[in-house]
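Novice:
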Amino acid sequence: KAGVTQTPRYLIKTRGQQVTLSCSPISGHRSVSWYQQTPGQGLQFLFEYFSETQRNKGNFPGRFSGRQFSNSRSEMNVSTLELGDSALYLCASTNVGGPRQETQYFGPGTRLLVL
Amino acid sequence: GESVGLHLPTLSVQEGDNSIINCAYSNSASDYFIWYKQESGKGPQFIIDIRSNMDKRQGQRVTVLLNKTVKHLSLQIAATQPGDSAVYFCAEASSGTYKYIFGTGTRLKVLA
Chain X
3 KAGVTQTPRY
13 LIKTRGQQVT
23 LSCSPISGHR
33 SVSWYQQTPG
43 QGLQFLFEYF
53 SETQRNKGNF
63 PGRFSGRQFS
73 NSRSEMNVST
83 LELGDSALYL
93 CASTNVGGPR
103 QETQYFGPGT
113 RLLVL
Chain D
13 GESVGLHLPT
23 LSVQEGDNSI
33 INCAYSNSAS
43 DYFIWYKQES
53 GKGPQFIIDI
63 RSNMDKRQGQ
73 RVTVLLNKTV
83 KHLSLQIAAT
93 QPGDSAVYFC
103 AEASSGTYKY
113 IFGTGTRLKV
123 LA
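Those sequence lines, one after another, are chains X and D. So in my numbering, spot 87 of the first sequence is number 89, and the numbers just go up one at a time. So in my numbering, spot 50 of the second sequence is number 62, and the numbers just go up one at a time.
1. Quick one: measure Cβ to Cβ for X/Leu45 and D/Phe114, integer angstroms, because I've assumed they're closer than 8 Å.
2. Between which residues of its own chain and X/Gln38 is the CB-CB distance below 7 Å, once the five residues before and five after are set aside?
3. Measure the Cβ-Cβ separation of D/Ala98 and D/Ser42 and say whether it is below 8 Å.
4. Leaving out the 5 sequence neighbours to the left and right, which residues in its chain are closer than 6 Å to X/Leu117 when beta-carbon positions are compared?
5. Under 9 Å between beta-carbons, which chain X residues line up against D/Lys54? List them in chain order, please.
6. Quick one: is X/Gly44 near chain D, going by C-beta distance under 8 Å?
7. According to DSSP, what are the bridge partners of D/Ile60?
8. Thinking just about the alpha-carbon of each residue, which of D/Arg73, D/Cys102, D/Gly95 is nearest to the one in D/Asp61?
9. Suppose the cutoff is 7 Å on Cβ atoms and the five residues either side in sequence are ignored; what does the same chain contact list for D/Gly13 look like?
10. What first and last residue would you give for the beta strand (DSSP E) that runs through D/Asn79?
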């Protein structure tokens with residue numbers, strides 16, 4: 003099976019712009035989680051989606067949002083970008099209801115640089 | 013490559029030796045624990061997991077130990093190889109939440 007894929011892999015934006023990142027989970031996985039990784043804060047949970055519904059949310063401002071489509075693909079959006087949003091954004095998928103139903107498998111991430 | 017963390021604790025081991033990476037977790041309610049390996053420029057890769065009803069679990073060359081009394085998790089890597097060089101993260105979760113809390117990470121350097 004193909005792993006979790008994320009597009010784009012690299013992105014450069016300027017302050018005030020918005021950005022949309024995409025994630026395709028492992029085939030058959032219906033839960034998608036998003037994390038932000040920075041050198042200073044480490045890996046921090048953003049939100050988790052299952053069957054197009056956000057089930058859990060981390061402590062990030064409302065500028066960070068996401069959604070999930072009926073095919074389980076997910077997008078996250080960051081509006082009004084700030085310099086501090088520069089990070090590696092990681093997506094993970096989980097095979098809820100199947101074997102290893104709580105294990106999250108990560109994609110390669112999208113590296114976002116805000117100038 | 014890209015730096016995962018600028019001030020991560022580093023463990024340096026000789027090739028062929030055993031490595032032990034430690035992690036303190038924060039939430040007494042956590043009942044699922046996972047170790048990930050992250051190489052430069054890549055996403056975290058699943059290594060091994062353990063549930064709170066177990067104290068020890070073994071995989072191929074890796075063993076995870078869980079001490080719930082002191083909220084401590086460790087990852088043992090046998091016969092460490094150059095390919096094991098990476099940053100290792102522990103993560104904790106409560107069943108059904110799908111919200112992982114990650115540790116700060118440990119950089120493992122394997123010396124030839």
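Ideal Cβ positions, reconstructed from N, Cα and C, are used throughout, including at glycine.
Specialist: According to the structure shown:
1. 4 Å
2. Gln46, Leu48, Ala89, Tyr91
3. no
4. Thr16
5. Phe108, Pro110, Gly111
6. yes
7. D/Trp47
8. D/Cys102
9. Legend: pLDDT at D/Gly13 = 35, less than 50; position of this residue unreliable, no value from coordinates given.
10. 74–79
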